[in-house]
Structures are given as C-alpha cells and as structure tokens.
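In the numbering used here, the protein residues as written are 1 to 368.
To start, the structure itself, in structure tokens.
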Ligand SMILES: NC(=O)c1ccc[n+]([C@@H]2O[C@H](COP(=O)([O-])OP(=O)(O)OC[C@H]3O[C@@H](n4cnc5c(N)ncnc54)[C@H](O)[C@@H]3O)[C@@H](O)[C@H]2O)c1
C-alpha cells in the first residue's frame, strides 16, 4: 500500500507523520531523509509489542548506540515513578540534547516518554512510533504528554511536539480486538466533532475497519490524523478550539478514575461511554438535533460498542464520578466544562454544567 505523509505545522514546530505498511525496516533511512541525526537513543518499548517488530527496529538502527527500556503499559504505570526511572536512565547514560528518545508503544508509553523527553535537559529529540490504533489516530499527534496522579488523569504534563511520528499499520495485526475498539473510539470522536461525511463513511464501513481491512483502516487513520492536524495547528495549547478534542473525555476520565484505572474499563472504552453520555446530555439539553442523535446512537448500538453507564456503574459511584469531573483542568467557578454536540460536525466547547444538574442527569442515565 502507498505510504502517506502528513505534515503538522504548529507555531514553532513542523514534523511529519508517516503512515504505511512495513516502515520499520526503513527506519534509519526515514530518519536520515528527515535530517534526524543523533549520537545515541533510548528506545522505550511497550513490553507487549511483539519481538518481531523489535528485531526489525534494532536491525534498522544497528549503526546507532541504543539503550532499551521495556515499559509495562498500564494506566497505573503512567506515573511519576516510571517517569523518574526513564530520567535516571538518561542521566546514567549521559544523554544530551543531541540525543534522542524513541517511544514504541501505545498512548501510555508515548505520553510518559514524551513527557520525559520534554523535561530532560529542557527537551531532547522525541520520536513517536505508535503501536496501537488509539495512539496512531490520536495520542501520537499534537504534542500532549503527561502522567496521572491519584487526583486524576493527565494532571501533570507538557505540550511537546515530536520530531517525527512513524505509523506502521502492521503493528495493528497483533493488537487485541478490544484495543482496536478503543482506537475506533477516537476515530469516531474525530468524525463527530468535525466531519459528517467521514461519519457516514464510518457508519458504512465500521465493521470492515474494525476487522482491519487494509485500505479502509489506512483511510480511517489518515482522515483521523488530518482532522487532528487541522485542530492542533490552529490551537496548539488548547486555549479554545482544541478543547473540542475532549468531546466525551470529561466523562471518560471520571469513569476511568472511578474504576481506579483498572482493566475493567480501558481508556478507549471509557471514551466510547463518555461520547455516549455527552450525546445523551446534548440531546437532553435540546442542543443536539434529533436526526443526528438517532444516527449516532444507532451507530453505537449496531456495533455493540460500550454505550450504557449502567453496565459499569451503580448509584453509589455517582459522587466519585462527580469528584473526578470536578478535578478537570477546564472547569471554572465550580462548574464543569463540557464539550457538547449540536449536530454531527458541530460542537460547542463553552458549556458549563452545574454539579447538581449533572448529578440528576447521571442518576437518570443509570436508570435507562
Ligand atoms: N497525548 C494525547 O494527545 C492522548 C490522546 C488520547 C489518549 N491519550 C492517552 O493514551 C492512553 C491510552 O493509549 P492506548 O489505548 O494506546 O493504551 P496502551 O498504551 O495501554 O496500549 C493498549 C494495550 O495494547 C498493548 N499493545 C500496544 N501495542 C501493541 C501491539 N502492537 N500488539 C499487541 N499489544 C500491544 C499494550 O501493552 C496495552 O496492553 C491513555 O493514557 C490516554 O490518556 C493521550
């Protein structure tokens, strides 16, 4: 399949996303072609990335001095201890600003690695090789990095753009189905916030995309990256427009926190539940038009995607969910900032919900 390239241009940075098959064996050439030189590199590799991929990366970088750190990717490991471990390796090996950190893994590995790269000696080169669908369509683009704390998700972090994103679709072949669904959550989000035509394409082909039909999955990844590109180029630091990328996420982060970031609900599944809640709330507030409400809810139901919070939570969880929602970075004056949807492709990011009002709504959702 033809390799595709998207250039992300923010105020101070410009970097390519390269999307295609069998890119790993060309890694060194790709780095050279993009003038990415370094003396040594730290490869932070998700432990579950199969050895065959690691062998390809190692043999492609055989001329370079490399150190490998295997990362156990779970939300509970996206923490300050693991960050510290990475910084210690960089210090022990005497890395400097001409060196490079390469993340090979999903959003968790990428977020922690990117954050380490951003603060080590005030910033070393960072290359992201996303290996999950979610990180290929979302987490690897746009420069958000960070870690979780007991107070909530991603509360410590930075904006730090990578020098290159290498999206090899072959990684998806070993990804569990559940993780493909998680990635689909962010693809769907991108269509809902920006592009009805893309939503209709997904509605028609979702089953084949979830089964990794090569042409359709590449198109879905490419389209998704283009939507994210458009948004982060306008508003890199999330002052306004970029907030729309949080559609469904204020609910999602609270759902994950309430379940203690356990495997009961992966990030992408929480996003699907969050999208579903945001859609119901938008309709409840008479913001979302009925025709699109029906289209979206039918889409979620027909694919059997997580869409009912009552399957995960009970009444006793509501206060915890609201506690996490109140910790969100975007809130103001004790009101919770939500991105809501008016019709497919059109959102509003300036809605502030009263806590009691949300509580009533969520209790009602649990009964439906
Ligand atoms: N920075 C951003 O802009 C941004 C955007 C969206 C999400 N995120 C973050 O991304 C994280 C979720 O990312 P994720 O869904 O990629 O999770 P993840 O990194 O945990 O990966 C999911 C699972 O897949 C495994 N895995 C990874 N690659 C594999 C492969 N090729 N084959 C087999 N198994 C593989 C991992 O070990 C893990 O068990 C969350 O922490 C979320 O907050 C960040």
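Glycine residues also receive a C-beta, built at the ideal position from the N, C-alpha and C atoms.
Asked: So, under 8 Å CB-CB, residue 98 and residue 38 are touching, yes? Tell me the CB distance rounded to an integer number of Å.; Found: 6 Å
Asked: Determine whether the beta carbon atoms of residue 146 and residue 157 lie at a separation below 8 Å.; Found: yes
Asked: Any heavy atom of ligand 1 closer than 7 Å to the beta-carbon of residue 132?; Found: yes
Asked: How big is the Cα-Cα spacing for residue 305 and residue 35?; Found: 43 Å
Asked: Taking 8 Å as the threshold (C-beta atoms), are residue 313 and residue 152 in contact?; Found: no
Asked: May I ask you to list the residues that DSSP assigns as paired with residue 158?; Found: 145
Asked: Between which two residues does the alpha helix (DSSP H) harbouring residue 92 extend?; Found: 80-92
Asked: Rounded to a whole number of angstroms, what is the C-alpha to C-alpha distance between residue 57 and residue 15?; Found: 21 Å
Asked: Just to check my reading of the structure: residue 110 and residue 135 have Cβ atoms closer than 8 Å, yes? What is that Cβ distance to the nearest angstrom?; Found: 5 Å
Asked: Return helix, strand or coil for residue 138, following the three-state DSSP convention.; Found: helix
Asked: Tell me the DSSP secondary structure of residue 106 in three-state form.; Found: coil
Asked: Can residue 10 be considered in contact with ligand 1, in the sense that its beta carbon sits closer than 7 Å to one or more heavy atoms?; Found: no
Asked: What are the start and end residues of the alpha helix (DSSP H) that includes residue 418?; Found: Since the first and last residues shown for the chain are 1 and 368, residue 418 lies out of range.
Asked: So residue 255 packs on residue 274, CB below 8 Å; how close in whole Å?; Found: 7 Å
Asked: Would you say residue 259 and residue 315 are within 8 Å of each other, going by their C-beta atoms?; Found: no
Asked: So for residue 248, helix, strand or coil by DSSP?; Found: coil
Asked: For residue 320, which residues from the same chain have a beta carbon less than 7 Å from its beta carbon, with the 5 sequence-adjacent residues on both sides left out?; Found: 258
Asked: Compare the beta carbon distance of residue 24 and residue 168 with 8 Å and say whether it is the shorter of the two.; Found: yes
Asked: Secondary structure at residue 226, three-state DSSP: helix, strand or coil?; Found: helix
Asked: Give a single yes or no on whether residue 66 has its beta carbon closer than 7 Å to a heavy atom of ligand 1.; Found: no
Asked: Taking the alpha-carbon of residue 345 as reference, which of 300, 81, 337, 289 has the nearest alpha-carbon?; Found: 289
Asked: Nearest to residue 8 by alpha carbon, out of 40, 32, 233, 138?; Found: 233
Asked: Report the rounded CA-to-CA distance for residue 264 versus residue 178, giving the unit in angstroms.; Found: 11 Å
Asked: Three or more beta-carbon pairs under 8 Å between the segment 123-130 and the segment 186-205, yes or no?; Found: no
Asked: Return yes when the C-beta of residue 313 is under 7 Å from any heavy atom of ligand 1, and no when it is not.; Found: no
Asked: How long is the line joining the alpha carbons of residue 72 and residue 17, rounded to whole angstroms?; Found: 25 Å
Asked: So is the beta-carbon of residue 225 under 7 Å away from any non-hydrogen atom of ligand 1?; Found: no
Asked: Regarding residue 179 and ligand 1, is the C-beta to nearest heavy atom distance less than 7 Å?; Found: yes
Asked: Does ligand 1 have a heavy atom nearer than 7 Å to the CB of residue 373?; Found: With the chain covering only 1 through 368, there is no way to say anything about residue 373.
Asked: If you draw a straight line from the alpha carbon of residue 214 to that of residue 20, how long is it in whole angstroms?; Found: 10 Å
Asked: Compare the Cα-Cα distances from residue 247 to each of 230, 340, 120 and report the closest residue.; Found: 340
Asked: Assuming residue 41 contacts residue 83 under a Cβ cut-off of 8 Å, what Cβ separation, rounded to an integer in Å, is found between them?; Found: Not confirmed; about 18 Å, so no contact.
Asked: Could you spell out where the alpha helix (DSSP H) holding residue 321 opens and where it closes?; Found: 318-326
Asked: Can you tell me where the alpha helix (DSSP H) holding residue 292 begins and where it ends?; Found: 290-302
Asked: What I want to know is whether the C-beta of residue 49 ends up closer than 7 Å to one or more non-hydrogen atoms of ligand 1.; Found: yes
Asked: By the DSSP assignment, the beta strand (DSSP E) with residue 7 in it spans what residues?; Found: 4-9
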